[in-house]
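S.K.:
Set out below in structure tokens:
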């Protein structure tokens with residue numbers, strides 16, 4: 563059974579973030595993550611309904627949204643198909659079939675994201691990130707992250723603080739610091755962006771990670 567962790571309607575989007583307590587794994591000793599999904603929709607032209615993998619880090623209740631290769635958010639599309647002129651010609655049974663297909667696709671994508679296989683893939687990537695270490699000055703490493711991901715000066719300071727407090731100078735620790743910074747944001751849209759950025763830190767190409775780790 564899914565548990566709703568957060569719901570919000572902003573000027574840009576509607577968000578629903580939910581997790582599945584029955585599906586958990588340990589990334590490292592004492593650090594457990596829980597499987598989940600994030601559903602977003604926009605009524606102002608910023609994108610159709612999308613469903614993304616969402617993980618909750620239970621130790622500090624950080625949310626992680628995955629946007630990694632092969633697990634990017636699934637654009638289901640609008641029930642209107644994006645073309646009101648065509649829909650005006652559709653008969654009621656056609657509209658009903660179109661709506662049914664839409665909800666069936668959303669159901670199937672949700673079940674797929676919440677499968678042990680997809681969750682296991684994400685957790686494996688987190689585990690792999692614990693082996694990628696920051697080898698020099700973490701202050702400079704966070705400055706590189708700021709440039710790569712367009713963080714504000716305030717966000718940079720918060721990421722550095724959470725990184726030092728967490729004591730994990732790895733890609734996973736850095737990603738955790740970014741997602742923890744999301745909790746500090748008073749803007750829900752920006753907080754959600756930071757939750758996605760945390761996972762992007764884990765998936766940085768070797769060259770980009772070395773720029774952070776060896777700076």
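In the working numbering, the protein residues as written are 563 to 777.
Here a beta-carbon is modelled for each residue, glycine too, at the ideal position from N, C-alpha and C.
(1) Check residue 602 in the structure and name its three-state DSSP category.
(2) Closest to residue 730 by C-alpha separation, out of 658, 593, 571, would be which residue?
(3) DSSP three-state call for residue 590: helix, strand or coil?
(4) Measuring CA to CA, which of 575, 598, 772 is closest to residue 682?
(5) Is the distance from the Cβ of residue 774 to the Cβ of residue 696 below 9 Å?
(6) Run through DSSP, which three-state label would residue 625 get?
(7) State yes or no: is the C-beta of residue 603 within less than 9 Å of the C-beta of residue 614?
(8) Just verifying my parser: in three-state terms, what is the DSSP assignment at residue 761?
(9) Are the beta-carbon atoms of residue 622 and residue 742 separated by less than 9 Å?
(10) DSSP on residue 596, reduced to helix/strand/coil?
(11) Considering only C-alpha positions, which residue in the set 625, 760, 590, 571 is nearest to residue 711?
(12) Would you tell me roughly how many angstroms separate the C-alpha atoms of residue 718 and residue 734, rounded to the nearest one?
(13) Below 8 Å, how does it come out for the segment 654-673 and the segment 701-716: are there three or more Cβ pairs, yes or no?
(14) Alpha carbons only, please: which of 766, 575, 620, 727 is nearest the one belonging to residue 586?
(15) To the nearest angstrom, how far is the alpha carbon of residue 716 from that of residue 655?
(16) Between 616, 625, 563, which lies nearest to residue 746 when the distance is taken from Cα to Cα?
(17) Between 653, 720, 581, 665, which has its C-alpha nearest residue 677's C-alpha?
(18) Extract the residue ranges of the beta strand (DSSP E) inside the segment 696-771, only unbroken runs of 3 or more that lie entirely within it.
M.R.: Based on what the coordinates show:
(1) Reduced to three states, the DSSP call for residue 602 is strand.
(2) Residue 730 has its Cα closest to that of 593, out of 658, 593, 571.
(3) For residue 590, the secondary structure class from DSSP, reduced to helix, strand or coil, is strand.
(4) Among 575, 598, 772, the Cα nearest to that of residue 682 is on 598.
(5) Yes.
(6) In this structure, DSSP gives residue 625 an extended state, which the three-state scheme calls strand.
(7) With respect to the 9 Å criterion, residue 603 and residue 614 are not classified as neighbours on the basis of their beta carbons.
(8) Looking at residue 761 - three-state DSSP - the assignment turns out to be helix.
(9) Judged by their CB atoms, residue 622 and residue 742 are nearer to each other than the 9 Å cut-off.
(10) Three-state result, residue 596: strand.
(11) The shortest C-alpha to C-alpha distance from residue 711 to any of 625, 760, 590, 571 is the one to 760.
(12) Cα to Cα, the separation comes out at about 17 Å.
(13) With the cut-off at 8 Å, the segment 654-673 and the segment 701-716 do not touch.
(14) Distance from the Cα of residue 586 is smallest, within the candidate group 766, 575, 620, 727, for 620.
(15) Taking the straight line from one Cα to the other gives about 54 Å.
(16) For residue 746, the nearest C-alpha among the options comes from 625.
(17) Measuring C-alpha to C-alpha distances from residue 677 to each of 653, 720, 581, 665 identifies 581 as the nearest.
(18) The segment 696-771 contains no whole beta strand (DSSP E) run of 3 or more residues.
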